[in-house]
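Accompanying notes for the structure given below.
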Amino acid sequence: MAANYGLGLKRPSAIPGFGLALGFTLTYLSLIVLIPLAALVLKSATLGIAGFWEVVTGPRTLAALRLSFLTSLFAAMVNAVFGTIIAWALVRYRFPGRRLLDAFVDLPFALPTAVAGIALTALYAPNGWIGQWLMPLGIKVAYTPTGIAVALIFIGLPFVVRTVQPVLEEFDRELEEASATLGANRRQTVFRVMLPTLMPAILTGFALALARAVGEYGSVIFIAGNMPFISEIAPLLIIIRLEEFSYPQAAAIGTAMLMISFGLLFFVHLVQAWQRRRFGHD
Amino acid sequence: MTDAALAPLLISQPESGSAVTTERYPVRVLLVATAVVFLVLFLLLPLAAVFVEAFRAGVGTYFASITEPDAVAAIKLTLLVAAIAVPANVVFGLAASWAIAKFEFKGKSVLNTLIDLPFSVSPVISGLIYVLLFGAQGYFGPYLQSHNIQIIFALPGIVLATIFVTFPFVARELVPLMQEQGTQDEEAALSLGASGWKTFFKVTLPNIRWALLYGVVLCNARAMGEFGAVSVVSGHIRGKTNTMPLHVEILYNEYNFAAAFAVASLLALLALVTLIIKISLEWRYADQIAALRRH
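Chains as they are written, first to last, in my numbering: chain A, 1 to 282; chain B, 283 to 577.
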């Protein structure tokens, strides 16, 4: 322990076990997460910058990345709207079955993605429970990009509800009363006073849902149809490249996806920093 | 007047609200109806579909599907993988939260961020990285082959990928709680002469037990249900390297829907049990699960 004090990296403490705990943490983190992720970047670097660019902007890859990103964006926007409404209903109103529904919001976190995938496919297939009613209307969901969006809405919903809910629970009702006393009608209070306060939480939930959706695989592949250029998502293309033993190509697509997710997380970080500055709390 | 009279019938506002801080009754009904319809359509219906499809071909087929040798092998493998991955991440979670919560050191926030990293990595990439390291053409592939060690398309690869995707679950529940609890209890125990380990087992562990259980339950659900990462490293060898979600996929792709949904229904049951434990922990020990108040 004494060695750690001497390095000046750690504030002196009476609690033992710092060396052991941190040593184990860093070793485990490096072996499981950091070194393997470094291998991914290293492998895609073997292509060189030009080679990397060629793989990532190849027509099939670009189509897959675009599909993954656009369907995820659409799903995250649907989730931002309906997730906020659901959070609002769960927090603000009392109705029969509210606690049960509240509990079920976490289902997508708990249900294995493959199970969600085959269940959604069964529902939205042309002869499925929902698909048979959409078919006569000319709406085809399963085996199209629409189906991908449906799966991604399922996967992303809890992110928005669970980030908006606590903020709404702690919302200061005096603000609403003040707004009402000052002559605002309910619509003005909701849209001018409440929504701006909720916006950072909604944006955070939106970005988290988007980040999750971009990389999602299990729930999507069953319902997607997986046609190259039409309904082939980026994670599936990685697996296809891997099965062709094109490791550097697979790694390059993976690295591009990692960059998208990290960009989104950085966005979340900015939103939260902005929220702290503006509202003085988390 | 009409609002107040109608409200108790179906949708009321919490006691704390007043007339000016809620919406008119029709708006309330509309919002609640939207929320309920959306949740039923997107969450409850898929869940119901799993069980209906599982029993569509009859109870006999259902039990035959979950007791045939390949299904049993998949169930056993899934349990084995979770039995290795979850304890590994528990030990890591305890070590990481001890280091982060009980000490002040440089680079702490970076470490905290790195722990959450696996959550932002696509499951497929989580499998891919181990193939790049240990696969036949991976960095350590030739070495492993010459020593006859198989990691990819075998149990070690499946375990590694599972550990990766469930990596943050335990730590992220424990770190905020232990940070909130501070070091006073431990300092008291130590000053009374308890050893470090004794302090940990008799003071710290009881303080965090419900949050630990909470993390373990979530970690376990993901470990048993993981599909993408495991799919990349498993090789899909029937009866050998197929976990339950992979077995579901194979059956489904063979158009054996009844059997696929039968095995899937076991996973759905696991999800329901997970939700029930999670909710009951949240209701009973909300104050001892710090992550609930964080977000």
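In this text, a Cβ means the ideal position worked out from N, Cα and C, and glycines have one as well. All values derive from a computational prediction rather than experimental measurement.
With DSSP as the reference, label residue i as helix, strand or coil.
i, result
"Gly6 of chain A", "Caution applies to Gly6 of chain A, whose pLDDT of 48 falls short of 50 and renders its modelled position unreliable; the value that the coordinates give is listed next. Reduced to three states, the DSSP call for Gly6 of chain A is helix."
"Arg94 of chain A", "strand"
"Phe590 of chain B", "There is simply no residue 590 of chain B to check, as chain B begins at 283 and stops at 577 in what is shown."
"Gln272 of chain A", "helix"
"Ala476 of chain B", "coil"
"Ala38 of chain A", "helix"
"Arg338 of chain B", "coil"
"Glu305 of chain B", "coil"
"Gln419 of chain B", "coil"
"Gln165 of chain A", "helix"
"Ser547 of chain B", "helix"
"Leu111 of chain A", "coil"
"Met227 of chain A", "coil"
"Met283 of chain B", "Because the pLDDT at Met283 of chain B is just 38, under 50, the model does not fix this residue reliably, and the value given afterwards should be weighed accordingly. The answer is coil: DSSP assigns Met283 of chain B none of H, G, I, E or B."
"Arg192 of chain A", "helix"
"Ser562 of chain B", "helix"
"Asp282 of chain A", "In this prediction, Asp282 of chain A scores a pLDDT of 47, lower than 50, which makes its location untrustworthy; the coordinate-derived value is nonetheless stated afterwards. Note: Asp282 of chain A maps to coil in three-state DSSP."
"Glu243 of chain A", "helix"
"Gln432 of chain B", "coil"
"Gly138 of chain A", "coil"
"Thr525 of chain B", "coil"
"Ala289 of chain B", "At Ala289 of chain B, the pLDDT of 45 sits below 50, so the modelled position is not reliable; the number obtained from the coordinates is stated separately. Note: Ala289 of chain B maps to helix in three-state DSSP."
"Leu47 of chain A", "coil"
"Asp324 of chain B", "Before going further, note that residue 324 of chain B is Phe rather than Asp in the sequence given. Helix."
How long is the line joining the alpha carbons of residue i and residue j, rounded to whole angstroms?
i, j, result
"Phe245 of chain A", "Val115 of chain A", "28 Å"
"Trp479 of chain B", "Lys390 of chain B", "23 Å"
"Val530 of chain B", "Ile230 of chain A", "25 Å"
"Lys560 of chain B", "Phe374 of chain B", "21 Å"
"Asn127 of chain A", "Leu42 of chain A", "47 Å"
"Ser404 of chain B", "Val164 of chain A", "24 Å"
"Ser179 of chain A", "Arg173 of chain A", "10 Å"
"Val105 of chain A", "Leu325 of chain B", "8 Å"
"Glu232 of chain A", "Arg66 of chain A", "10 Å"
"Ile363 of chain B", "Phe422 of chain B", "The sequence shown places Val at residue 363 of chain B, not Ile. Spanning the two alpha carbons is a distance of roughly 23 Å."
"Ala224 of chain A", "Phe483 of chain B", "49 Å"
"Leu20 of chain A", "Lys384 of chain B", "13 Å"
"Glu305 of chain B", "Thr197 of chain A", "18 Å"
"Ile139 of chain A", "Leu329 of chain B", "23 Å"
"Val348 of chain B", "Ala471 of chain B", "Just to set this straight, residue 348 of chain B is Ile in the shown sequence, not Val. Taking the straight line from one Cα to the other gives about 51 Å."
"Leu459 of chain B", "Ala45 of chain A", "40 Å"
"Gly263 of chain A", "Gly215 of chain A", "13 Å"
"Asn226 of chain A", "Pro248 of chain A", "22 Å"
"Ser402 of chain B", "Ala125 of chain A", "30 Å"
"Glu468 of chain B", "Ala142 of chain A", "56 Å"
Can you check which of these residues, the options, is closest to residue i by C-alpha distance?
i, options, result
"Ala151 of chain A", "A:Pro228, A:Ile202 and A:Arg212", "A:Arg212"
"Lys358 of chain B", "B:Gly409, B:Thr343, B:Ala370 and B:Leu437", "B:Leu437"
"Thr57 of chain A", "A:Thr255, A:Ser72, A:Gln275 and A:Ile32", "A:Thr255"
"Arg276 of chain A", "A:Phe74, A:Ala201 and A:Thr144", "A:Ala201"
"Leu327 of chain B", "A:Phe154, A:Thr144, A:Phe24 and A:Thr46", "A:Phe154"
"Thr525 of chain B", "B:Leu552, B:Tyr534, B:Ile571 and B:Ile440", "B:Ile440"
"Ser570 of chain B", "B:Pro488, B:Leu500 and B:Leu325", "In the sequence as presented, Ser is not what sits at residue 570 of chain B; that position holds Gln. Out of B:Pro488, B:Leu500 and B:Leu325, B:Pro488 has the C-alpha closest to the C-alpha of Gln570 of chain B."
"Leu47 of chain A", "A:Ala252, A:His269 and A:Leu265", "A:Ala252"
"Leu9 of chain A", "B:Ala355, B:Ala381, B:Ser473 and B:Leu313", "B:Ala381"
"Asp407 of chain B", "A:Ile86, A:Gly218 and A:Trp133", "One detail in the question is off: residue 407 of chain B reads as Ile in this sequence, not Asp. Taking only the C-alpha atoms, the option nearest Ile407 of chain B is A:Gly218."
"Leu630 of chain B", "A:Ile35, A:Leu137 and A:Phe24", "Any question about residue 630 of chain B goes unanswered here, given that chain B covers just 283 to 577."
"Gly507 of chain B", "B:Gln427, B:Glu536, B:Leu549 and B:Pro400", "B:Leu549"
"Trp492 of chain B", "B:Pro351, B:Ala568, B:Tyr534 and B:Gly517", "B:Ala568"
"Gly510 of chain B", "A:Met227, A:Asn226, A:Ile221 and A:Pro228", "A:Ile221"
"Arg94 of chain A", "B:Gly420, B:Tyr425 and B:Val318", "B:Val318"
"Leu111 of chain A", "B:Pro450, B:Asn502 and B:Ala476", "B:Asn502"
"Leu101 of chain A", "B:Val314, B:Tyr412, B:Ala356 and B:Gln419", "B:Val314"
"Ser473 of chain B", "B:Val485, B:Gln463 and B:Glu462", "B:Val485"
"Glu170 of chain A", "A:Gly147, A:Met194 and A:Val160", "A:Met194"
Quick check: is any heavy atom of the ligand NAD less than 6 Å from the C-beta of residue i?
i, result
"Phe171 of chain A", "No copy of the ligand NAD occurs in the structure displayed, which carries no ligand at all."
For this session: Kindly confirm or deny that the segment 258 to 276 of chain A and the segment 180 to 190 of chain A touch, where touching means at least three C-beta pairs closer than 8 Å.
Result: no
For this session: Return the residues of the segment 250 to 261 of chain A that lie within a Cβ-Cβ distance of less than 8 Å from chain B, sorted by chain order.
Result: Ala250, Ala251, Gly254, Met257, Leu258 and Ser261
For this session: Identify each residue in the segment 488 to 511 of chain B for which the Cβ-Cβ distance to at least one residue of chain A is less than 7 Å, and report them in chain order.
Result: Ala503, Gly507, Phe509 and Gly510
Exercise. For the segment 229 to 241 of chain A against the segment 21 to 32 of chain A, are there 3 or more C-beta pairs whose distance is under 8 Å?
Worked result: no
Exercise. Counting Cβ pairs closer than 8 Å, one from the segment 358 to 371 of chain B and one from the segment 436 to 451 of chain B, do we hit at least three?
Worked result: yes
For this session: Identify each residue in the segment 402 to 422 of chain B for which the Cβ-Cβ distance to at least one residue of chain A is less than 7 Å, and report them in chain order.
Result: Ser402, Val403, Ser404, Pro405, Val406, Ile407, Leu410, Ile411, Tyr412, Val413, Leu414, Leu415, Gln419 and Tyr421
Exercise. Got a sec: which bits of the segment 146 to 179 of chain A sit with their beta carbon under 7 Å from any beta carbon on chain B, in order along the chain?
Worked result: Ile153, Phe154, Leu157, Arg162, Thr163, Pro166, Arg173, Glu176 and Glu177
Problem set entry | Contact between the segment 483 to 497 of chain B and the segment 455 to 469 of chain B (3+ Cβ pairs under 8 Å) | yes
For this session: Could you name the residues of the segment 520 to 541 of chain B whose beta carbon sits closer than 7 Å to any beta carbon of chain A, in the order they occur along the chain?
Result: Pro527, Val530, Glu531 and Tyr534
For this session: Kindly confirm or deny that the segment 332 to 339 of chain B and the segment 544 to 558 of chain B touch, where touching means at least three C-beta pairs closer than 8 Å.
Result: yes
For this session: Determine which residues of the segment 327 to 355 of chain B have a Cβ less than 7 Å from any Cβ of chain A, and write them out in chain order.
Result: Leu327, Pro328, Leu329, Ala331, Val332 and Glu335
For this session: Output, in sequence order along the chain, the residues in the segment 131 to 143 of chain A whose CB is closer than 7 Å to any CB in chain B.
Result: none
Problem set entry | Positions along the segment 448 to 479 of chain B whose CB lies within less than 9 Å of some CB in chain A | Phe449, Ala453, Thr465, Glu468, Glu469, Leu472, Ser473, Ser477, Gly478 and Trp479
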